[in-house]
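Residue 20 in the UniProt record's numbering is what sits at position 20 of the sequence shown, and the numbering runs on without skipping anything. Below is one structure; the comments refer to it alone.
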Amino acid sequence: MTGLSGEKGRTGGDPAVPSRPGCGTKAHVIAALLAAPLPDPSPSPTVGADCREDALCQRVFEWTGTPWLAESSFWIFVKPLRIILILLIALLIRWVTHRMISRLVRTSTHTSVPTILRPLRERVPNAPTDPATVVPERRRQRAEAIGSVLRNTVTAVVFAIAVLLVLSELNFNLAPLIASAGIAGVALGFGAQSLVKDVISGVFMLLEDQYGVGDTVDLGEATGVVEAVGLRITTVRDGRGVLWYIRNGEIIRVGNKSQGWAMVIVDMPIGFAGVEEATSVMRAAAVEVAEDPELAGHFVEPPDVLGVEQITVDGAVIRTVAKTTADGQFDVGRELRRRLTQALDAAGITARIAATRMFPRPSAPNGEGDTRGGAT
């Protein structure tokens, strides 16, 4: 009974619950854990010292309570705004500059000189076509080509600087990038050297006004009237109607027949007629041409009969020259030849030339030689 009573006392008086070793210790541990304060699952967020010193970071943290958003606020808000501001300023500078260039290129009237061409030398031709149409078109194309060069240059420079500033904002190291760009530029220059050569030649040609629309030019392989002038290509139509496209970089020499004055040279054979008689007849005919109201404006100086230019087996050849305007050289040359031929025919010299060719003069006796090479 004693043993049972002791056992019952150890079990707390409940004979149905068996006694387990260590059960009291676990109960104390559980009770202690339940009594201890639980840790806060959402601790109060904090930011670093740098963020606390930054007004923007501190303000974003106060608004959102998110540390990572506050600490990244400079890259999320400030950097994009700076990049957008750089691009907007670049676009504004480009727009203002292009507008200024367009105003310099544009003319106020049909016959006025564009502002961009006023500081440059202009060799306005006396074109064989209507100057009221050709000269404005020549000026317009020249001004447009120069304006295109200026606009492209401004665009390239402005956006190159803008790209460098944007990369600097993104903390890129620009030194290797610039070095790589230099190498790429050299490679591109070698690959596109013909294009660069054409464009540079076109720019200098336009600045120097070597030729323009309406000019009659000799460019080597192609000779004719210039129809269009560009930075890379010049278009020339020859006398047969063939349209030539010539790259500016391949033009080695330019012969412009439409600038300044021209010299008309006419050589007329007189056979074995008297030189003094033929010279007098031709001089009178040349003066009549110079006094013609339709052609008088084309003469820069009065025509002149220089005299015997050469001696051939058919007789003497007399040269007549006339200094004319560039646009009048062809009309004056054709009319001068016609008038000289008529004058020689009226004086009977042409008939003597024909008779001499049909009935050659006999050779001198005793082998003294043929006298057809002489002139009286």
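Even for Gly, the Cβ is constructed at its ideal location relative to N, Cα and C. No experiment lies behind these values; they were computed from the predicted model shown.
Buried versus exposed, by CB contacts within 10 Å (16 or more), residue i
i	result
Q259	buried
T111	The pLDDT assigned to T111 is 47, lower than 50, so where the model puts this residue is not dependable, and the model offers no usable value.
S201	buried
T153	exposed
D238	exposed
Y245	exposed
S108	Model confidence at S108 stands at a pLDDT of 41, short of 50, so the residue's coordinates are unreliable; what they give is reported in the following sentence. The residue in question, S108, is exposed, as its Cβ has fewer than 16 Cβ neighbours within 10 Å.
G212	buried
L219	buried
F190	exposed
V134	Confidence in V134 is poor, its pLDDT being 49 and thus under 50, which makes the residue's placement too unreliable to answer from.
V157	exposed
A27	exposed
T234	buried
Euclidean distance between Cα positions of residue i and residue j
i	j	result
V264	L104	39 Å
D304	A290	10 Å
A143	I93	22 Å
V199	I178	25 Å
P80	A160	19 Å
F172	R232	37 Å
I270	A347	11 Å
P131	F272	With a pLDDT of 47 at P131, under the threshold of 50, the modelled position of that residue is not reliable, and the figure given next carries that caveat. So the two alpha carbons sit approximately 45 Å from each other.
F77	L85	12 Å
D314	L344	16 Å
S180	A228	39 Å
M205	Q310	40 Å
L195	R247	9 Å
H298	S102	37 Å
T155	I183	22 Å
G214	P302	27 Å
E277	I349	9 Å
K257	A326	6 Å
A351	A316	15 Å
L174	V242	53 Å
Q193	G185	11 Å
Best match in the options for proximity to residue i [C-alpha to C-alpha]
i	options	result
T312	A192, F159, D267	D267
R338	A285, A296, L306, A316	A285
P293	E335, G271, V149	E335
residue 387	H298, E208, L150, A326	In the structure as shown, the chain begins at 1 and stops at 376. Residue 387 is therefore absent and cannot be evaluated.
residue 377	V217, S168, I146	The shown model of the chain, from 1 to 376, leaves out residue 377, and the question about it has no answer.
G296	G328, E277, L340	One detail in the question is off: residue 296 reads as Ala in this sequence, not Gly. Selected option, being the one with the closest Cα: G328.
S280	A262, K257, L306	L306
E288	P176, L340, T234	L340
E169	A322, G214, L87, L206	L87
E208	T350, A222, R139, L174	R139
G230	T216, R240, S148	S148
T216	A192, F330, G185, Q141	F330
Q210	L174, R253, A192	R253
Q141	R106, E221, Q342, A175	R106
Beta-carbon gap between residue i and residue j smaller than 7 Å
i	j	result
K197	G249	yes
I318	V308	yes
T324	M282	no
V236	G255	no
A162	A90	yes
V166	I251	no
W261	V300	yes
Terminal residues of the beta strand (DSSP E) in which residue i lies
i	result
R247	243-247
Q342	Unbroken run through Q342 is the alpha helix (DSSP H), 329-346; no beta strand (DSSP E).
I233	233-238
I178	First-last for I178: 174-191, but that is the alpha helix (DSSP H), not the beta strand (DSSP E).
R319	315-325
V275	Counting along the chain, V275 falls outside any beta strand (DSSP E), though it belongs to the alpha helix (DSSP H) covering 275-290.
I252	Taken as a continuous stretch (DSSP letters only), I252 belongs to no beta strand (DSSP E), as it is neither H nor E.
R306	Note that residue 306 is Leu in the sequence shown here, rather than Arg. Start and end: 304-312.
V266	261-271
G224	223-229
The alpha helix (DSSP H) enclosing residue i, as first and last residue numbers
i	result
L104	79-105
D218	From DSSP, D218 is part of no alpha helix (DSSP H) but of the beta strand (DSSP E) over 216-218.
The ligand ATP heavy atom lying under 6 Å from the CB of residue i
i	result
A285	This structure lacks the ligand ATP, and indeed carries no ligand of any kind.
Any C-beta of chain C under 7 Å from that of residue i
i	result
F77	Given the protein chain composition of this structure (a single chain), no chain C is represented.
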